[in-house]
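Everything on this sheet refers to the single structure shown next.
Protein chains in written order, with our numbering: chain B, 3 to 380; chain L, 1494 to 1908.
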């Protein structure tokens, strides 16, 4: 296992941070979170098209750069710091990984180049209104059905919590057929598709409910064989989200440290009090250990598929809780000002709480991790 | 396979492997070639982790009576000495040290490769951590070439063990309050008198790194100097301390007109605080940088033995231990790979002590009533760890001192 970054990877991080400093400052995050779309199309085109950041983990034959998840993870960590409002998690991580995981060459050739250059955005519709989590093993929870007709497949049912589902050009929908689970591609604007934005706790990441009423769909891959690919997609999403969470937590900790140095009470900067020092030291431990787990997860995603499930649950089992704690303590260190709408601290609190629930809670990941470790040969 | 307790190769093949480890050309080898050769040598010469010959935890010595403790300590020193000697003969010890110090003048990364490989096997040189890690850190930063050539060759050959004489009854976390006094002796050298405490491995050590007062009490840290002192001399009295487990590991050391020759002053007179800071940083790194106690593996074995694999509460405890241990190991790997982590030494030391404490705590919960008795083979090792863990939170700088260091030196908060 090699956790060292190459010069090229360090350069990538600097490029992304510079770009986001310019295009995604807090003012822009606040402007976009108040819009229905939730992101800026021209910035996304630049991000994907000019900088090539959406195609880092996409093979060159589909217009990507042919790198892997470590590079994508660097981008996600920086995006998490900046609370970037963009279809990075939805289109690149979830939809991109689903297409690559299923490996339908025709579908890949049709969809991946557009996702990669930013001209198309895509979303993965997996969870349904009654779902508690996005767990593909809860096969029974998938109620959306796909039926074959003379004109092809048609979908019926409702998906919910679909990240960027209201704006995506392409929907990848997990649906049930007689043979089991399949992934179906649906044009977001097709007849029979009704999309309703949900009011999200984390306004910087939009979600939608989507109802399908005999909507035309294209089967991606083989009927009934989506489950193994979906399991891997959720592991990849877990480590990708872990990187994003580490980026967000790092920024929240920086804010708390900066404030503790300048806020004076009782005649001293509050950072001179040991109660504040020890709190911030503990957050530093949490952020760095979570970062180690996230980087290891990215490495496993890129280099060691057999180790991915355990590595994903290692990262999933600590990064989400760590981000929630760090974001909450950032408010606490700031005191009253941290409780206001004007201060950015609440944006990280909401991102932290929302993202912790997306792909299995940390407690669920810990149960899975323990299961994997206890079942492994001694 | 060699027998680590004697250091005698069992078969000619093993002897050949020692000779073949690395030669003079290794100094300029690329990392991959060097690492492959080192790994091959360890494969052929070191016991596996978890095997019957595994001695990776031998440095955690304690005994239920002073006599048992002394016996075990002597045994641990013998085993470590034999292993260090093999490393030395194989050309793997002190890779980056100058040749006149018993080393090979190789780039520093070669030491990292040897340490990383060593961590994969059931071996340890942690019993000699003061000599192999802290004394060289201090001598390379503050010592003279003459001192390095004088002290280091015997250490690298595994012939001498060292300990630290730092804390005193009135100077725990506040080491600037040290009162042990070193006074110049006519004809050269110093006479040292005072009382030190919480000294690991003092009974078997030939030498110690000592902090003593050479100036006035009012001078505080400016009145301190650092010395290398011979422990095996009249005037140095080592007495084992009974600790909360009922066993023995630490010592009190009474110094009464003990002698330090001229060459023993490390750094200038009154420079002891700067030397101490180097020493404590290397100590934190040595503690936090050690191999994990692998307590999560032992916790997994316990859960299997008790057939509690399906208990959700138990699974949560196991997962938490696994996460603590793996993220500590991964954080160490990041540090070795060149990642910048603020106050890295304090971070790993604190993670290590927390892991030890929380894992023993988890094991007690998992044991249930069996954890209330010492005469159950399932609970005995965990109770020993449980009652040793508080010491890990204190030694090498308390948890609170580490948090201060992280906040002040790592995060830049005001003092």
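No residue lacks a Cβ here, since even glycine has one placed at the ideal position from N, Cα and C.
All values derive from a computational prediction rather than experimental measurement.
- With its beta carbon at least 8 Å from every one in chain B, residue 1615 (chain L) lies outside the interface.
- Here residue 1689 (chain L) is actually not in contact with residue 1712 (chain L); their C-beta atoms are around 20 Å apart, not less than 8 Å.
- No Cβ-Cβ contact shorter than 8 Å links residue 1669 (chain L) with residue 1685 (chain L).
- Not a single CB atom of chain L sits nearer than 8 Å to the CB of residue 329 (chain B).
- Using a Cβ distance threshold of 8 Å, residue 11 (chain B) and residue 117 (chain B) do not count as a contacting pair.
- Within 10 angstroms of the beta-carbon of residue 1772 (chain L) lie 16 or more other beta-carbons, which makes it buried.
- In this structure, DSSP gives residue 1766 (chain L) a helical state, which the three-state scheme calls helix.
- Residue state for residue 27 (chain B) is assigned as coil, using DSSP reduced to three classes.
- Looking at the DSSP output, residue 217 (chain B) sits in a beta bridge with B:157.
- Burial state of residue 50 (chain B) is buried, judged by a 10 Å Cβ sphere holding 16 or more other Cβ atoms.
- The three-state reading of DSSP puts residue 1744 (chain L) in strand, counting E and B together.
- In the three-state scheme derived from DSSP, where H, G and I count as helix and E and B as strand, residue 1733 (chain L) is classed as strand.
- Separation of the CB atoms of residue 376 (chain B) and residue 1802 (chain L) is rounded to 5 Å, and the pair is thereby assigned contact status at 8 Å.
- Your pair residue 1584 (chain L) and residue 1568 (chain L) does not check out as a contact, with CB atoms roughly 27 Å apart and the cut at 8 Å.
- Taking a 10 Å sphere around the C-beta of residue 105 (chain B), we find fewer than 16 other C-beta atoms and assign the residue as exposed.
- Beta-bridge pairing by DSSP links residue 1674 (chain L) to L:1686, L:1706.
- The closest CA to that of residue 176 (chain B), considering only B:353, B:357, B:70, B:164, is found on B:164.
- Against residue 1903 (chain L), the close residues of chain B are 283, 286, in the order they occur along the chain (beta-carbon pairs closer than 9 Å).
- Along the region 308-330 of chain B, the positions whose C-beta sits under 7 Å from a C-beta of chain L are 316, 319, 320, read in chain order.
- Per DSSP, reduced to three states, the secondary structure at residue 1633 (chain L) is helical.
- Cβ-Cβ distances below 7 Å link residue 1600 (chain L) to 1589 in the same chain, with the five nearest sequence neighbours on each side left out; the list follows chain order.
- Separation of residue 1693 (chain L) and residue 1743 (chain L) (C-alpha to C-alpha, rounded to the nearest whole angstrom) is 5 Å.
- According to DSSP, residue 197 (chain B) shares a beta bridge with B:212.
- 259, 262, 263, 271, 273, 274: these are the residues of the region 250-274 of chain B whose beta carbon lies less than 7 Å from some beta carbon of chain L, given in chain order.
- The bridge partners DSSP lists for residue 1655 (chain L) are L:1700.
- By the C-beta criterion, the region 1548-1558 of chain L is judged not to be in contact with the region 1631-1641 of chain L, since fewer than 3 inter-stretch pairs fall below 8 Å.
- In this model, residue 337 (chain B) and residue 363 (chain B) are separated by some 28 Å (Cα to Cα).
- DSSP places residue 185 (chain B) inside the beta strand (DSSP E), whose first and last residues are 182-189.
- At least 8 Å separates the CB of residue 213 (chain B) from every CB of chain L.
- Judged by DSSP secondary structure, residue 1722 (chain L) falls within the beta strand (DSSP E) whose first and last residues are 1717-1723.
- Here residue 216 (chain B) is not near residue 259 (chain B), since their CB atoms are 8 Å or more apart.
- The three-state secondary structure of residue 112 (chain B), taken from DSSP, is helix.
- In the DSSP assignment, residue 150 (chain B) falls within the unbroken beta strand (DSSP E) covering 147-151.
- Near chain B, meaning a CB-to-CB distance below 8 Å, no residue of the region 1629-1640 of chain L qualifies.
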